[in-house]
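Going by this note's numbering, the sequence shown opens with residue 24, and the numbers climb by one from there. First up is the structure itself, then whatever we jot down about it.
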Amino acid sequence: MGREVTDEKLQKYFRITEEALRRLEVAVHEKSLLYAVAKDFLTMARSYFEDAKYYYEKGDYVTAFAALNYAHGFIDAGVRLGVFKGEDDRLFAFG
Numbered sequence: 024m025g026r027e028v029t030d031e032k033l034q035k036y037f038r039i040t041e042e043a044l045r046r047l048e049v050a051v052h053e054k055s056l057l058y059a060v061a062k063d064f065l066t067m068a069r070s071y072f073e074d075a076k077y078y079y080e081k082g083d084y085v086t087a088f089a090a091l092n093y094a095h096g097f098i099d100a101g102v103r104l105g106v107f108k109g110e111d112d113r114l115f116a117f118g
């Protein structure tokens, strides 16, 4: 149980990650030293999300799932670091 990356599981995490990317806000001022970190994390999250879509379309569910996890890892790391605003615990890990 839980050992397969199913289409259903992928669709769930695509929805969550896509919504998180849509709702994500940079929480640091453009002149802050952390602004470059925020922009880099956002670029990486978006890039991994696009990679996930590419691999999903190719039928490579394992790599798609891995890419989604990397995408969300950058999102959550940014929230934890304080460079992103994210207050919905359904979408973001914070604390």
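Glycine included, each C-beta is placed from N, C-alpha and C at the ideal position.
*Tell me which same chain residues have a C-beta within less than 7 Å of the C-beta of Tyr78, skipping the five on either side of it?*
The residues are Thr86, Ala87 and Ala90.
_Residues near Asp99 in its chain [Cβ-Cβ closer than 7 Å; skip 5 each side]_ = Counting only Cβ-Cβ distances below 7 Å, and skipping sequence neighbours, we find Phe115 and Ala116.
_Leu47 burial status per 10 Å Cβ neighbour count (16 or more: buried)_ = Label assigned to Leu47: buried.
*For the alpha helix (DSSP H) that contains Ala90, what are its first and last residues?*
Residue range Tyr84 to Leu104 is occupied by the alpha helix (DSSP H) that includes Ala90.
*Where Thr40 falls, given that 16 or more other Cβ within 10 Å makes a residue buried*: Counting every other CB atom within 10 Å of its CB across the protein chains shown gives Thr40 a total of 16 or more, marking it as buried.
*Boundaries (first-last residue) of the alpha helix (DSSP H) holding Phe115*: That residue, Phe115, is in no alpha helix (DSSP H); it is neither H nor E in DSSP.
*Can you check DSSP and say which residues form a bridge with Met49?*
It is Val, not Met, that sits at residue 49 in the sequence shown. Beta-bridge pairing links Val49 to Phe107.
*Can you tell me which of the three DSSP states Leu44 falls into?*
Looking at Leu44 - three-state DSSP - the assignment turns out to be helix.
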